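**Q** Each protein sequence line maps, in turn, to chains S and D. Throughout the first sequence, residue numbering follows our numbering, covering 34 to 221 in sequence. Throughout the second sequence, residue numbering follows our numbering, covering -13 to 242 in sequence. Glycine residues also receive a C-beta, built at the ideal position from the N, C-alpha and C atoms. Remember, it's a predicted structure, so these values are computed and weren't measured experimentally. Here it is, the structure in full.
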Amino acid sequence: MSTTPSQTVGPFYGYALPFAKGGEIAPAGHPDALAVHGYVYDGAGAPVPDALIEIWQPAPDGSRRGAPGSLRRDPVTGAVIGRSDVGFTGFGRVGTDADGHYELRTMPPGGVPYLSVIVFARGLLHHLHTRIYLPGLTDTVTDPLLAGLEPERRATLLAVAHGERLHRFDIRLQGDAEHEETVFLAFD
Amino acid sequence: MTTPLTQGRISEEIAERREAYTKAVTVGAPERSHPDRGYAPYRSSVLRHPGKPLVALHDPEAVELSGPVFGVTDVTALDHDLTRQHQGEPLGERIKVTGRVLDRDGRPVRGQLVEVWQANASGRYAHQRDDHPAPLDPNFTGVGRCLTDDQGAYEFVTVKPGAYPWRNHVNAWRPAHIHFSLFGNAFTQRLITQMYFPGDPLLAYDPILQSVTDDSARERLVAAYDHDLSTPEWSLGYRWDIVLDGPAATWIEEGR
Ligand SMILES: [Fe+2]
């Protein structure tokens, strides 16, 4: 069938799509949780304050079935109360702040070395797929995606570890004179 | 002093891009549903699209061939009715918008999350950064959610959104639209888009809609007025079906 075209998320999704604890994918206080944070930049090197990032990943046990409840609601007030600590949903959603910064807390993905990422933004007519590869888990020689990339392109997909449980991952929607553009993916 | 960027100039660019696309298809280029990410008539796209080609990944083990799931804990019964979220009723023309979410093989996408957001009847979003001097409506937020049913159907009750100005160029106006966010059974099927209303005179002027340079693809973003969906003495009905792009792993379809 002929598919429905994409359109930009626009500037006004901020009161509709982000939800409470959207970046808290890991159960509260879990000792194995890891943090990923970074900035989204445009082709002039300016931070993008109106980007929306979604994460999808396997559970720590490798299950890709996910679980409902990312937007778990209070049945009385209707408010989003965050995920329960039972059942790993594998899904997260965070907007960038005024500095173009985002952060999330999740569990190490089971069976793969990466978190799957979709980027939406005002000005972006069709979302982009990329991946956050976690350095401790990644073998750049055997990974089917990384192995085929030039080193400077590959580097854009590798999060940088700052300590054991904190990672930095920036997203460049467009390269500039000094910075490599993030590798974005097509699936078909 | 720079010359103001007029609608006339933007409309010329829109026509140029559409002609270039039509010409390319005539000589064998593939038809495309989706907009080109670098579509200059929409000025904000210029610095926000990749300059390098996407890297094609053919990996049957890719995590993106599966996707998040949602359930009854993620929505409440009133979420699909944007006219009942406040003490009073919103102003505007009450409408029902319904349709089916399908994958590209025509199979219904069941039990998945559909999210919508929109301006009120005056063309104003309940968003801090919307400074359009049109009235806010204390009885309308403009956010809705629902899960698709076993036929892939969704339904929202709302009011028809108003057109609103924006600053792409001088005298730029967005046609009335409802923003839609959709999940398939795989992350590769994710879609965010906008639904438009038939007969809106602003459709031809809007570089965001016109970024879809394929005529029939663009028409797929416009809902159909459906008189059988209109409720006597109550509301008008629109039908809009959505077909998600992108592959899904076969193993995940088994259990659903
Ligand atoms: Fe809008």
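(1) Give me the DSSP bridge partner(s) of residue 165(D).
(2) Within 8 Å (strictly less), CB to CB, does residue 224(D) reach chain S?
(3) Take residue 47(S) and list the residues in its own chain whose beta-carbon comes closer than 7 Å to its own, dropping the five residues that flank it on each side.
(4) Since residue 216(S) meets chain D, which of its residues come closer than 7 Å, beta carbon to beta carbon?
(5) 8 Å is my cut-off, CB to CB: does residue 14(S) come that close to chain D?
(6) Rounding to the nearest angstrom, what Cα-Cα distance links residue 162(D) and residue 204(D) in this structure?
(7) Closest to residue 105(D) by CA distance: which of 87(D), 40(D), 91(D), 129(D) is it?
(8) Buried or exposed, going by whether 16 or more other CB atoms sit within 10 Å of the CB of residue 170(S)?
(9) Short of 8 Å Cβ to Cβ, which residues in the segment 71 to 102 of chain S face chain D?
(10) At a cut-off of 7 Å, is residue 160(D) close to ligand 1 when judged by its beta-carbon and the heavy atoms of the ligand?
(11) Is residue 105(D) near ligand 1, going by C-beta to nearest heavy atom under 7 Å?
(12) Name the DSSP bridge partner or partners of residue 104(S)?
(13) Jot down the residue ranges of each uninterrupted beta strand (DSSP E) in the segment 152 to 189 of chain S, minimum 3 residues, whole runs only, in chain order.
(14) Assuming the contact rule is C-beta atoms closer than 8 Å, residue 226(D) and residue 83(D) should be a hit. Round their C-beta distance to whole Å, please.
(15) If distances are taken between C-alpha atoms only, which option among 116(D), 151(D), 181(D) comes closest to residue 38(S)?
(16) I'd like to know whether the C-beta of residue 155(S) is nearer than 8 Å to at least one C-beta of chain D.
(17) Note down the Cα distance separating residue 4(D) from residue 208(S), rounded to an integer number of angstroms.
(18) Indicate whether the contact test is met: 3 or more Cβ pairs, each with one atom in the segment 142 to 154 of chain S and one in the segment 75 to 91 of chain S, closer than 8 Å.
(19) Only counting runs of 3 or more residues, tell me where the beta strand (DSSP E) segments fall wholly within the segment 195 to 235 of chain D, in order along the chain.
(20) On the three-pair Cβ rule with 8 Å, is the segment 190 to 198 of chain D touching the segment 75 to 92 of chain D?
(21) At 7 Å on the CB atoms, spell out the chain D contacts of residue 47(S), in chain order.
(22) According to a CB-to-CB cut-off of less than 9 Å, which residues of the segment 190 to 215 of chain D neighbour chain S?
(23) Would you verify that the beta carbon of residue 124(S) is, or is not, closer than 8 Å to some beta carbon of chain D?
(24) Are three or more beta carbon pairs between the segment 112 to 120 of chain S and the segment 18 to 27 of chain D nearer than 8 Å?
(25) The beta strand (DSSP E) with residue 160(D) in it runs from where to where?
(26) Evaluate the contact criterion for the segment 96 to 113 of chain D versus the segment 55 to 72 of chain D: three or more CB pairs, one atom per stretch, below 8 Å.
(27) Taking 8 Å as the threshold (beta carbon to beta carbon), is residue 162(S) in contact with chain D?
(28) Spatial neighbours of residue 202(S) within its chain, please: CB distance less than 6 Å, with the 5 preceding and 5 following residues excluded, ordered by chain position.
(29) Along chain S, in chain order, which residues have C-beta atoms closer than 7 Å to that of residue 231(D)?
(30) Can you list the alpha helix (DSSP H) stretches of 4 or more residues lying completely in the segment 103 to 160 of chain D, in chain order?
(31) What do you get for residue 189(S), buried or exposed, if any count of 16 or more other CB atoms within 10 angstroms of its CB means buried?
(32) Less than 7 Å between the CB of residue 165(D) and some heavy atom of ligand 1, yes or no?
(33) Mind checking whether residue 172(D) and residue 233(D) have CB atoms under 8 Å apart?
(34) Could you name the residues of the segment 163 to 193 of chain S whose beta carbon sits closer than 9 Å to any beta carbon of chain D, in the order they occur along the chain?
**A** In brief:
(1) Partner residues in the beta bridge of residue 165(D), as assigned by DSSP, are 103(D), 180(D).
(2) With respect to chain S, the C-beta atom of residue 224(D) has no partner C-beta closer than 8 Å.
(3) Result list for residue 47(S): 128, in chain order.
(4) Residues of chain D passing the Cβ test: 41.
(5) Absent from the structure is residue 14(S), since the part of chain S shown begins at 34 and ends at 221.
(6) If you draw a straight line from the Cα of residue 162(D) to the Cα of residue 204(D), it is about 15 Å long.
(7) Comparing Cα-Cα distances from residue 105(D) to each of 87(D), 40(D), 91(D), 129(D), the minimum goes to 129(D).
(8) With fewer than 16 other CB atoms across the displayed protein chains lying within 10 angstroms of its CB, residue 170(S) is exposed.
(9) If the cut-off is 8 Å between Cβ atoms, the segment 71 to 102 of chain S has 75, 76, 77, 79, 81, 87, 89, 90, 91, 97, 98, 99, 100, 101, 102 near chain D.
(10) For ligand 1, at least one heavy atom lies less than 7 Å from the Cβ of residue 160(D).
(11) Remark: the C-beta of residue 105(D) is in contact range of ligand 1, defined as less than 7 Å to any heavy atom.
(12) Under DSSP, no beta-bridge partner is assigned to residue 104(S).
(13) The qualifying runs are 161 to 166.
(14) The beta carbons of residue 226(D) and residue 83(D) sit about 6 Å from each other, so the pair counts as a contact at 8 Å.
(15) For the set 116(D), 151(D), 181(D), the Cα lying nearest the Cα of residue 38(S) is the one of 181(D).
(16) Chain D contact via Cβ: present.
(17) Here the alpha carbons of residue 208(S) and residue 4(D) stand approximately 27 Å from one another.
(18) A contact between stretches requires three or more CB pairs, one per stretch, nearer than 8 Å, and the segment 142 to 154 of chain S meets this requirement with the segment 75 to 91 of chain S.
(19) Whole beta strand (DSSP E) segments, 3+ residues: 222 to 225.
(20) No, the segment 190 to 198 of chain D does not touch the segment 75 to 92 of chain D.
(21) Residues of chain D with a Cβ closer than 7 Å to the Cβ of residue 47(S) are, in chain order, 113.
(22) Against chain S - using a Cβ distance shorter than 9 Å - the residues of the segment 190 to 215 of chain D are 194, 195, 197, 198, 200, 202, 203, 204, 206, 207.
(23) Yes - at least one Cβ of chain D is within 8 Å of the one on residue 124(S).
(24) Contact between the segment 112 to 120 of chain S and the segment 18 to 27 of chain D is absent, because fewer than three Cβ pairs lie under 8 Å.
(25) Counting along the chain, the unbroken beta strand (DSSP E) around residue 160(D) starts and ends at 158 to 160.
(26) Yes, they touch.
(27) Output row for residue 162(S): interface = yes.
(28) If we look at residue 202(S) and ignore the five residues flanking it on each side, its Cβ neighbours are 69, 71, 165, 192.
(29) 36, listed in chain order.
(30) Correct list: empty.
(31) With a 10 Å radius around the Cβ and a threshold of 16 neighbouring Cβ atoms, residue 189(S) comes out buried.
(32) Residue 165(D): yes, Cβ under 7 Å from ligand 1.
(33) It is a contact, given that the beta carbons lie within the stated cut-off.
(34) Within the segment 163 to 193 of chain S, the residues whose Cβ lies closer than 9 Å to some Cβ of chain D are 164, 177, 178, 181, 182, 186, listed in chain order.
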